[in-house]
Amino acid sequence: MTLDERFEVVQGKLQGLVKEQARLRRENAELREGLARAEAERTTLATQVQELVQLVGILKLAAGTLDEKGKKEFEKQINRFVRDLDKTIAYLGNQ
336 MTLDERFEVV
346 QGKLQGLVKE
356 QARLRRENAE
366 LREGLARAEA
376 ERTTLATQVQ
386 ELVQLVGILK
396 LAAGTLDEKG
406 KKEFEKQINR
416 FVRDLDKTIA
426 YLGNQ
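In structure tokens, the structure reads:
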């Protein structure tokens, strides 16, 4: 095998590697986008679950089916919401 032939073989392999790298970069970008979409969807679903749990608590309270433990937990949750709202209002007031 001559030097030119060896050079062509190496050059061909290098071009193949460059194409493979470009393909892998595209695939990586697609996977990152998919991951970002999945994380956003997970966050949305977690928020929906939390809202539904809160709604169940409200409905149980309204129906009078909460026991004392449930009422205390619901009261704690309401107090957390009030504190979060107070913090948000204070933050917005300082802006």
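351 is the number that our numbering gives to position 16 of the sequence shown; each next residue is one higher, with no gaps.
Backbone N, C-alpha and C fix where the C-beta goes; we use that ideal spot for every residue, glycine too.
None of these values were measured; they are calculated from a predicted model.
So the alpha helix (DSSP H) residue i belongs to, where does it begin and stop?
i      : result
Asp419 : 403-429
Secondary structure at residue i, three-state DSSP: helix, strand or coil?
i      : result
Leu392 : First, the residue type needs correcting, since residue 392 is Gly and not Leu in the sequence shown. Here Gly392 sits in helix by DSSP.
Can you give me the C-alpha to C-alpha distance between residue i and residue j, rounded to a whole angstrom?
i      : j      : result
Asn363 : Ala357 : 10 Å
Val384 : Val344 : 59 Å
Lys395 : Phe409 : 10 Å
Gln389 : Leu427 : 25 Å
Leu287 : Glu340 : Lying outside 336 to 430, the shown extent of the chain, residue 287 is not represented and no answer is given.
Gly405 : Leu387 : 16 Å
Thr382 : Gly399 : 26 Å
| message | Please give me, in chain order, every unbroken run of the beta strand (DSSP E) with length at least 3 that falls completely inside the segment 338-383. | response | none
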